[in-house]
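1 is the number of the first residue of the sequence shown in UniProt numbering; add one for each residue after it.
Even for Gly, the Cβ is constructed at its ideal location relative to N, Cα and C.
Keep in mind it's a predicted model, so treat the numbers as computed, not measured.
Inspection log for the structure reproduced underneath, given as structure tokens.
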Amino acid sequence: MPDFGYRLSLIEHDIWSEMDLQGQGTPLDPLKAVLFTHTESEECNEDCPEVLRKLQSSSLEELPYNFLVTGDCQVFKVYGWEYESNFLKDLSGNSSLVIAFVGNFSRNPPKDCQLKAAQALILESVKRKKLQPEYKLFVLANNAEALQRELMHWPRYTSPRRMK
């Protein structure tokens, strides 16, 4: 994936969350896939840490993603590159980097800077050798039609995935 000239703004988990994930989960090996989805929640364009804490408290556990991309074009680390996301418990046998756009993207796609932030995150994942260079890209298509339409043009896009 080419460098698009977009600088990754990565917010560490302990900056925005009070939950401790140290030692919580299955360690990740270099991954072969990226799975995109959306939170189907309100979007945030400012004060995103507060919106994320609300999402977190409504689920009563840690959010089930590796990273979140917010409307202020920052990337927030949840499980990060260290641990497998518990989002995939319904997709057995698929160890993927799970990236969620914060908001509902069934009708309108994420903002351009959010898409660039997600691309920068993928590039950084490959550079850190956390994601294999020949990765596959999937979009969880449940209620994410606009997101699906946007990402199907990205390099390494494979197909939509559906959860039961």
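Item                                                                                            : Value
Local conformation of Leu-137 per DSSP, three classes                                           : strand
For Leu-123: DSSP bridge partner residues                                                       : Leu-123 pairs with nothing; no bridge assigned.
Per DSSP, cross-strand counterpart(s) of Leu-131                                                : Leu-31
Residue interval of the beta strand (DSSP E) (run including Ala-100)                            : 97 to 101
Alpha-carbon to alpha-carbon, Lys-127 and Tyr-157                                               : 19 Å
Residues near Leu-121 by beta carbon distance below 7 Å, same chain, minus five either side     : Leu-8, Phe-67, Val-75, Ile-99
Gln-114 to Leu-97 span [Cα, whole Å]                                                            : 17 Å
Exposure of His-13, with buried meaning 16 or more beta-carbon neighbours within 10 Å           : buried
Length of the line joining the Cα atoms of Ser-92 and Ser-85                                    : The predicted model places Ser-92 with a pLDDT of 49, which falls under 50 and marks its position as unreliable; any figure quoted below should be read in that light. Computed Cα separation, rounded: 12 Å.
Local Cβ density within 10 Å of Glu-43, reported as buried at 16 or more and exposed below that : buried
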